[in-house]
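Quick note: the sequence shown uses our numbering, first residue 26, plus one each step. Note that the Cβ used here is the ideal one computed from N, Cα and C, for glycine as well. Worksheet: one structure, shown below.
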Amino acid sequence: MRTPIIAGNWKLHMNPAQTTEFVAGVKDQLPDSNKVEALICAPAVDLDALASAAKGSNLKVGAENAYFEDEGAFTGETSPKVLAEMGMDYCVIGHSERREYFHETDADINKKAKALFANHITPILCCGESLEKREANQQAEWVVGQIKAALKELSADQVSQLVIAYEPIWAIGTGKTASSDQAEEMCKTIRETVKDLYNEETAENVRIQYGGSVNPSNVKELMAKPNIDGGLVGGASLKPDSFLALVNYQD
């Protein structure tokens, strides 16, 4: 049985004081981690505050990005080794904004996944198509290609542990949301791709999130779908009340 995972991706929002205040406002109202995993992925400058404030609570903590080397002459990058030392549980990689604005490639994302696993951090691997690909009915081909490239040389055991986040680019921050049926169709395709690459057990273990304007009003409908195991949430994760409504969607 896959444990649902609702993850907030704060992007470039919040400072350390706001982070501490946010965690104080949610940590005593989170579901049991065996019921739903509640996770916040914050900017690098907030991670120390996030980890400190979340200690002893059910809130999982994560980074929004990491480099694929632990150390070296890589000015401005974030070490996965140090993220592990800070207590990060998860790290987002391959978000469409990283791909578009910072020109990250599938090969980069594959190397990052390997580096995170080497440091015992669970990757949240993002994939998704543009509106152009969707309108050309090329979304499945595109996303399957991203998945195959990102999982290259990862073991079945590693893939069983990771989280895949399907985020149609046309629905991120636009107020548009893929219908629950559209989201389910692609998440099912992703699971079938993992089965083809590995085996049925691996495909059944991997958790697949939907991301793209997830909010308290649509989370229950999305989470009712058999292949959707969680949400990667942007704006709706920035306020304690909204985040609590999302992670407590079963109540």
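{"Check": "Assign R216 to one of three DSSP states: helix, strand, or coil.", "Outcome": "helix"}
{"Check": "Label T28 either buried or exposed according to how many other C-beta atoms from any shown protein chain fall within 10 Å of its C-beta, with 16 as the threshold for buried.", "Outcome": "exposed"}
{"Check": "Between which two residues does the alpha helix (DSSP H) harbouring A88 extend?", "Outcome": "Here A88 belongs to no alpha helix (DSSP H); instead the beta strand (DSSP E) covers L84 to A88."}
{"Check": "Run the CB neighbour count on V70, radius 10 Å, all protein chains shown included, and call it buried at 16 or more, exposed below.", "Outcome": "exposed"}
{"Check": "Which whole-angstrom value describes the C-beta separation of E209 and K158, a residue pair presumed to lie in contact below a C-beta threshold of 8 Å?", "Outcome": "Contact flag wrong, Cβ pair sits at about 18 Å."}
{"Check": "So is A138 buried or exposed if we call it buried at 16+ other beta carbons inside 10 Å?", "Outcome": "buried"}
{"Check": "Among residues of its own chain, excluding the 5 on either side of Q186, which ones have a beta-carbon nearer than 7 Å to its beta-carbon?", "Outcome": "T147"}
{"Check": "Considering just the uninterrupted stretch of the alpha helix (DSSP H) at V244, what are its terminal residues?", "Outcome": "V244 to M248"}
{"Check": "Rank L179, E246, A190 and I194 by C-alpha distance to the C-alpha of I149 and give the top, closest one.", "Outcome": "A190"}
{"Check": "Taking its Cβ as the centre, do 16 or more other Cβ atoms sit within 10 Å of Y126, making it buried, or is it exposed?", "Outcome": "exposed"}
{"Check": "Since N135 is in the alpha helix (DSSP H), which residue starts that stretch and which ends it?", "Outcome": "D131 to A143"}
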